[in-house]
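Q: Here it is, the structure, as structure tokens.
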Amino acid sequence: MDCRHAGLGGAIDDATGKVPYALFRDEEDAQGYVLLVRQIVAEHGIPEALYHDGHGIFERSKRELETIEEQLEGKRNPTQFGRIME
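Set out below in structure tokens:
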């Protein structure tokens, strides 16, 4: 890992303001967030809810067209991270 360009991923507990876990990664990616959530669950249990920024890892771009299946079902398919969390 090139520490000059590493990114810090983390979570903040809204109730306490504490950071239950954080990690450095070469880039912001789904694997890093999976590792983050896995460690939080291992140390603190399953969170009641997860809130996120607008990064594409968490939700698909609104500019991305819906598939025919999504239009018929009336909902958008989740991102890779979203499928893992389900």
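Residue numbers (the numbering used here): 1056 to 1141.
Ideal placement from N, C-alpha and C gives every residue a C-beta, glycine not left out.
Taking only three categories from DSSP, how would you classify G1137?
A: helix
Q: Tell me the rounded alpha-carbon separation between G1065 and R1131.
A: 26 Å
Q: State the DSSP-derived secondary structure class of A1077, mapped to helix, strand or coil.
A: A1077 falls in the strand class under three-state DSSP.
Q: Given this structure, state the Cα-to-Cα distance separating L1127 from E1098, to the nearest angstrom.
A: If I take the Cα positions, the gap works out to 40 Å.
Q: My assumption, with CB atoms under 8 Å, is that R1093 sits in contact with G1087. Please give the rounded CB distance.
A: At roughly 11 Å, the Cβ-Cβ gap does not stay under 8 Å, so R1093 and G1087 are not in contact.
Q: For G1087, name the three-state secondary structure that DSSP assigns.
A: helix
Q: Among T1071, A1070, V1089, L1120, which one has its Cα closest to the Cα of F1136?
A: Checked all of T1071, A1070, V1089, L1120; the closest Cα to F1136 is V1089.
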